[in-house]
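Numbering (this note's numbering), first residue to last: -6 to 807. The beta-carbon is built from N, C-alpha and C at its ideal position, and this holds for glycine as well. As the structure is a computational prediction, the values presented were derived from the model and not from experiment. These notes concern the structure reproduced below.
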DNA sequence: TTTGTCTGCCC
DNA sequence: ATTCTGC
DNA sequence: GCAGAATGGGCAGACAAA
C-alpha cells in the first residue's frame, strides 16, 4: 500500500489566500477547535492524551483504504439500482436528452435544447437528480475521452479580463458534459479563492456565467445559489439544517476516519471544507463514481432542505454522504463549505450582481462593449435586486428580456421584501454632525428602539406580510401586529396598499413602557396564537416605501414621513410613530437632550436621517466625499442613515477583564487565538468567573502578540482547568491569568450560561451583549480587574433606566 | 414524557 | 450585532 | 468606502436520546 504522509500528495491545500500556507502540524499538537464543527463535547473529554495529528491520521488511513473501498463500491452499486428504479426512470421520461451523459459516448445531443430556455427551466427543480447515471457495461473504454474533457477543465482561466475570455473556445469540448458539471463550478471557486483581487473575482464569475449561458442555461440559477451560500431567497424559509454534527458524522462514514482523527484534521486546517478534502483524499475507490452536475448538487441541497420530521436528520446525513462520495478532489472541499453555507471565496452578493450584469451585457453586446454600458447594466441589476431580491426572478428576467428591461420583467412586488436601508456607526454627536453635512442641513433624529426590525406589506385585498431585517417572513410571529393593523383602524380608509417599516418592541400593555430586547426574544416564533401571547409589543413605524400602488423609494424622506403620518392612525401601546425631532447641526443642545431621553426610554440611541435630497455641492465646508441620501435606495448607498449609540462613545462603560483561555480561529484567523475567554475576578476569593468570549476589536498585530505570549508549550497555557476558574466552556487551552483587557459592550445580560456574578442579581450569572476588545490595560494587574460586584452594579444601573421619575430625582440630587 | 443537542436567526 | 483588512 | 470574513449573547423550534 502506498504510504501517504499527512502533508504530502496532491492534497496539500494552498489555503490562505494571503499566501501563508496552512499551519503545518509541526509543533506537536497544533490544534484548533471550533464549536460549530465538533460540538460533541465528548470529544473534548480527554484532550490531554490525544496523540499528535500525524499518528492518528495515519492510523485512520490504514483502516480506511482497501476495506473501505470495497464497502463504498458496494454502496455505489446498491445506489445505482435504487436510482434506476426511482429517479432515473422518471428522469428518462422527463429529460430524454440528458440520459446519455454517462453512456458510452458521453455525448449529449442536447445542443439545440440548451440554447433555448424557458422560465420554468430555471425555476426551482422538482425532480431530484444527483447527476448520477447508471454506468453502462462498456464504459471502461468509452470514458476515456470524457475523462480527458474533465481534465481539460483545469486549464480554463476564468479570471482573465472578459475580452480575453472566449466561451465559444471551450464549448465544443464541454458540450459533451451537459448538464454542466459541478467540477466546472468548483474550478471557478478554486480560482476565485486563490486571489484577493476584486477585479479577478468579478472577472471569474462573469466569464463563468458567460460560459454557462452558452453551455447550459438551466444551470445558471443553480450555480448562482451555490455561489452565494444560499439555496433560495430568504423569504421562502428553506433551511438546510446541516451543521457540524451531521457533517462530522457524514465525513466519518464517507472517509472511514474516526471522529478524533477528524478533529485533529480540523484542528490542523481550521476549515471544514479542508478537512473533508483531506479526509476524502485518503479514500481510494476501485471504480470512480459518476460525476456531479451543478444542477444535481443544487437539487440535492433542496432535497436536504425539505427533509422534515422523524428520522430527517438521518436522511439529511445520507444525502450529504451521497454527494461527498461522488465528489472528487476540490469538489469535496466546496461541497462541504456549501453544506455549512460558508463558501469563503470572497463573493457573496454585490460581486455576484456585478458579474450577472456584466455577463449578460457582454453576451449581448460583445466583450468589448463600452464601459458606460457596463456601468449602467450594473446599476440596473443592483437596483432590481434591491427591489426584488430573488436570483431566480432576476436571472429569469435577464434571460427573457435582457438587462435594459429588467425593471419591467423583475419589478418591485408586494409581498416580496425589499432590501433595507442600514445605518453606519458614528462614535458620538460631533462625528455625526460632521457626517451629516453643513450647518444648513436639516435632518431627523429618531429613537433607535431595541427590538426587531419589521417591513410590512399590505395589499388591496387586506393581506399582510411581515418581514425581518434579513428578509425572512415572520408574519406568523406577530399575529397581534396583523390584528392591530386590520381591526383597529390603524390603516386609514384612503390607504389601500403599502410597504412600511418600523421596529417591533416589547412593551408593557398597560403603561406602554418599553421592554428589553431579551424579553422580546422570549416570544414564540412560529404559528403564534393571539390568545397565548405573553409578551405584548408595539410597532413603532418610521418609514413608508410604497403607498397605494406607487413606489416611494425615490421620494425624499421628508415626504415619505409626511405620507406615513397621514396614512395611519396611532393606537396607544400598539402602533405608534417613532419618537422624533427635526434638527440642524446648530441644535446641538436639543439633540443631546433627545439622545439622553432615548437612553432613558431604554432605547439604544438615535438614528439620524437626512430629510431632503442635497444637490451635489462643492462647498468647502463639507469634507464628505459621498453625500448621504434622503431617498430609500440601499442599492446606491447601503448605510445612508447614521447610528448614534451610547456604547460607541469612548466614554461609555467598559469592563476590565482577564483573558483565561482561547480557541483556535478559523479561516483568516486560523493562526491566531480566536475567540478568547474572558473573566471577572472575585477579589475576596481570587476566583476567575467567565463572562464572555471575545473575537472582535483585535488587530492582526495584537493577535500575533497574543499568540506569541500564550503559545503552546509555554508556561502560560495549560490543558487542565485551574481550580480557581469558574467556566462552563472548555477552551482549547486555559491561560495563566496575568493580563487585563478593556472590553466594551452594549448591555449587561442575564446569562443562562456564564457564572459571573451568579447569586448577586439572581441565580443566573451575567454576560454582556456585543463584547469587543478595546485595549490592553498594562497599567493594571489581574487583582485590579473588574469584580462580579461591579458587573452586577452595571446591570442594576441599566435596569433602573426607564424608571423616569427615579432618574430625574437622581439627576436633581447629583 | 422529559431532557439534551443542534441549528438558524434575532440583535 | 462589531470590527478589521485588502482593494 | 465597499465588500467580505470572523465571530459575540441568547432565544425558540425541531429532533434525538433517555
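Hey, residue 672 and residue 682: beta-carbon distance below 8 angstroms or not? Counting from one through the first chain, the residue named residue 672 turns up at place 679. Counting from one through the first chain, the residue named residue 682 turns up at place 689. Taking 8 angstroms as the cut-off, the beta carbon of residue 672 is found closer than this to the beta carbon of residue 682.
Can you name the start and end residues of the beta strand (DSSP E) that residue 632 belongs to? Translated into positions along the first chain, residue 632 becomes position 639. Residue 632 -> no beta strand (DSSP E), and no H or E assigned at all.
With a Cβ-Cβ cutoff of 8 angstroms, do residue 764 and residue 738 count as a contact? In the first chain, counting from the first residue as 1, residue 764 sits at position 771. In the first chain, counting from the first residue as 1, residue 738 sits at position 745. Judged by their CB atoms, residue 764 and residue 738 are nearer to each other than the 8 angstroms cut-off.
Nearest-angstrom Cα separation, counted from residue 393 out to residue 102: Locating residue 102 in the first chain gives position 109, where the first residue counts as 1. Locating residue 393 in the first chain gives position 400, where the first residue counts as 1. Below a pLDDT of 50, predicted positions are generally treated as unreliable, and residue 102, at 30, falls in that range; the measurement from the model is reported next regardless. So the alpha carbons of these two residues sit roughly 24 angstroms apart.
Report the partner residues of residue 742 according to the DSSP bridge assignment. As a working mapping, residue 742 is identified with position 749 in the first chain. Beta-bridge partners of residue 742 (DSSP): 760.
Give me the Cα-Cα distance between residue 374 and residue 634, rounded to the nearest whole angstrom. As a position in the first chain, residue 374 is number 381, starting the count at 1. As a position in the first chain, residue 634 is number 641, starting the count at 1. Between the C-alpha atoms of residue 374 and residue 634 there is a straight-line separation of about 23 angstroms.
By DSSP, does residue 828 sit in helix, in strand, or in coil? A query on residue 828 cannot be resolved here, the shown segment of the chain reaching from -6 to 807 and no further.
Taking one C-beta from the region 434 to 444 and one from the region 496 to 509 each time, how about it: are there three or more such pairs within less than 8 angstroms? Enough Cβ pairs lie closer than 8 angstroms, so yes.
Could you tell me whether the Cβ atoms of residue 492 and residue 450 are closer together than 8 angstroms? Counting from 1 along the first chain, the entry for residue 492 is found at position 499. Counting from 1 along the first chain, the entry for residue 450 is found at position 457. Cβ atoms of residue 492 and residue 450: closer than 8 angstroms.
Helix, strand or coil at residue 253 [DSSP, three-state]: Within the first chain, numbered from 1, the residue matching residue 253 stands at position 260. Residue 253: helix per DSSP, three-state reduction.
I'd like to confirm the pairing. Which residues does DSSP put opposite residue 496 in its beta bridges? Against the first chain, residue 496 aligns to sequence position 503. Partner(s): 446 and 533.
For residue 108, count the other beta carbons within 10 Å of its own beta carbon; 16 or more makes it buried, fewer makes it exposed. Which is it? Taking the first residue of the first chain as position 1, residue 108 is located at position 115. Per-residue confidence for residue 108 stands at a pLDDT of 25, beneath the threshold of 50, marking its modelled position as unreliable; the derived number appears in the next sentence. By the C-beta density criterion, residue 108 is exposed, having fewer than 16 other C-beta atoms within 10 angstroms.
Supposed close pair residue 246, residue 314 - CB separation, criterion 8 angstroms: Residue numbering aside, residue 246 sits at position 253 when the first chain is read from its first letter. Residue numbering aside, residue 314 sits at position 321 when the first chain is read from its first letter. That belief holds up - the Cβ atoms of residue 246 and residue 314 are roughly 6 angstroms apart, short of 8 angstroms.
Counting only runs that start and end within the region 393 to 458, where is the alpha helix (DSSP H) found for 4 or more residues in a row? Within the region 393 to 458, the complete alpha helix (DSSP H) runs of at least 4 residues fall at 399 to 402 and 422 to 429.
Close beta carbons around residue 787, own chain, < 7 angstroms, minus the five adjacent residues each side: As a position in the first chain, residue 787 is number 794, starting the count at 1. Closer than 7 angstroms at Cβ, skipping near neighbours: 646 and 741.
Hey, out of 715, 721 and 707, whose CA is closest to residue 684's CA? Stepping through the first chain from its first residue, residue 684 is reached at position 691. A check of alpha carbon separations from residue 684 across 715, 721 and 707 identifies 721 as the nearest.
Throw me the rounded Cβ distance for the residue 258 and residue 268 pair, which I believe falls under 8 angstroms. Taking the first residue of the first chain as position 1, residue 258 is located at position 265. Taking the first residue of the first chain as position 1, residue 268 is located at position 275. Confirmed, Cβ separation roughly 5 angstroms.
Just checking, does the region 376 to 394 make contact with the region 410 to 429 on the three C-beta pairs under 8 angstroms criterion? The answer is yes - the region 410 to 429 touches the region 376 to 394, with three or more Cβ pairs under 8 angstroms.
Where the beta strand (DSSP E) containing residue 357 begins and where it ends: The residue given as residue 357 occupies position 364 in the first chain. Looking at the DSSP string, residue 357 is not in any beta strand (DSSP E); the run it does join, the alpha helix (DSSP H), is 343 to 358.
Along the chain, where does the beta strand (DSSP E) containing residue 682 start, and where does it finish? Counting from one through the first chain, the residue named residue 682 turns up at place 689. Residues 681 to 687.
Presumed contact (8 angstroms Cβ cut-off) between residue 276 and residue 305, rounded CB distance: The residue you call residue 276 lines up with position 283 of the first chain. The residue you call residue 305 lines up with position 312 of the first chain. About 27 angstroms; that fails the 8 angstroms criterion.
Where does residue 607 fall in DSSP's three states? Here residue 607 refers to the residue found at position 614 of the first chain. Residue state, collapsed to three classes: coil.
Local Cβ density within 10 Å of residue 856, reported as buried at 16 or more and exposed below that: The structure shown has nothing for residue 856, since the chain only spans -6 to 807.
Taking the alpha helix (DSSP H) that residue 289 belongs to, which residues open and close that run? Walking along the first chain from the start, residue 289 turns up at place 296. It spans 287 to 299 - the alpha helix (DSSP H) in which residue 289 sits, taken as one unbroken run.
Assign residue 602 to one of two classes, buried (16 or more other C-beta atoms within 10 Å of its C-beta) or exposed (fewer than that). As a working note, residue 602 is residue 609 in the first chain. Around the beta carbon of residue 602, a 10 Å sphere encloses 16 or more other beta carbons of the protein chains shown; the residue is thus reported as buried.
Could you check whether residue 355 and residue 362 sit closer than 8 angstroms to each other, using their CB atoms as the reference points? As a working mapping, residue 362 is identified with position 369 in the first chain. As a working mapping, residue 355 is identified with position 362 in the first chain. Yes, the pair counts as a contact, with Cβ atoms nearer than the cut-off.
Can you list, in chain order, the residues of its chain with a C-beta nearer than 8 angstroms to that of residue 455? Leave out the 5 residues immediately preceding and following it. Here the question's residue 455 lines up with position 462 in the first chain. 479, listed in sequence order.
When the Cα of residue 644 is compared with those of 565, 751, 539 and 421, which residue comes out closest? Stepping through the first chain from its first residue, residue 644 is reached at position 651. The shortest Cα separation from residue 644 among 565, 751, 539 and 421 belongs to 421.
On the CB-based measure, 16 or more other CB atoms within 10 Å of its CB, does residue 57 come out buried or exposed? As a position in the first chain, residue 57 is number 64, starting the count at 1. Summary for residue 57: the model assigns pLDDT 37, below 50, so the residue's position carries little reliability; its value from the coordinates is reported in the next sentence. Looking at its Cβ environment, which holds 16 or more other Cβ atoms inside 10 Å, residue 57 is buried.
Of the listed residues 395, 278, 528 and 287, nearest to residue 512 (C-alpha basis): For the purposes of this step, residue 512 is identified with residue 519 of the first chain, where counting begins at 1. Of the candidates 395, 278, 528 and 287, the one whose C-alpha sits nearest the C-alpha of residue 512 is 528.
Those residues which DSSP pairs with residue 570 across a bridge: Along the first chain, one-based indexing puts residue 570 at 577. Beta-bridge pairing links residue 570 to 534.
Throw me the rounded Cβ distance for the residue 438 and residue 576 pair, which I believe falls under 8 angstroms. The residue labelled residue 438 in the question sits at position 445 within the first chain. The residue labelled residue 576 in the question sits at position 583 within the first chain. Taking 8 angstroms as the upper bound for CB-CB distance, residue 438 and residue 576 are in contact here, some 6 angstroms apart.
Might you give, ordered along the chain, the residues of its own chain that have their beta carbon closer than 7 angstroms to the beta carbon of residue 605, omitting 5 neighbours on each side? The count along the first chain starts at 1 and reaches residue 605 at position 612. Closer than 7 angstroms at Cβ, skipping near neighbours: 435, 549, 551 and 623.
Alpha carbon of residue 457 to alpha carbon of residue 424, nearest angstrom: Sequence index remark: in the first chain, residue 457 carries index 464 (1-based). Sequence index remark: in the first chain, residue 424 carries index 431 (1-based). Rounded to whole angstroms, residue 457 to residue 424 spans 39 angstroms at the Cα level.
The region 335 to 355 contacting the region 188 to 203, beta-carbon criterion three pairs below 8 angstroms: Using a Cβ-Cβ distance cut-off of 8 angstroms, the region 335 to 355 and the region 188 to 203 are in contact, since at least three pairs of beta carbons, one from each stretch, lie closer than that value.
Using C-beta distances below 6 angstroms, list every residue in its chain close to residue 582, excluding the 5 sequence neighbours before and after it, in chain order. For the purposes of this step, residue 582 is identified with residue 589 of the first chain, where counting begins at 1. None.
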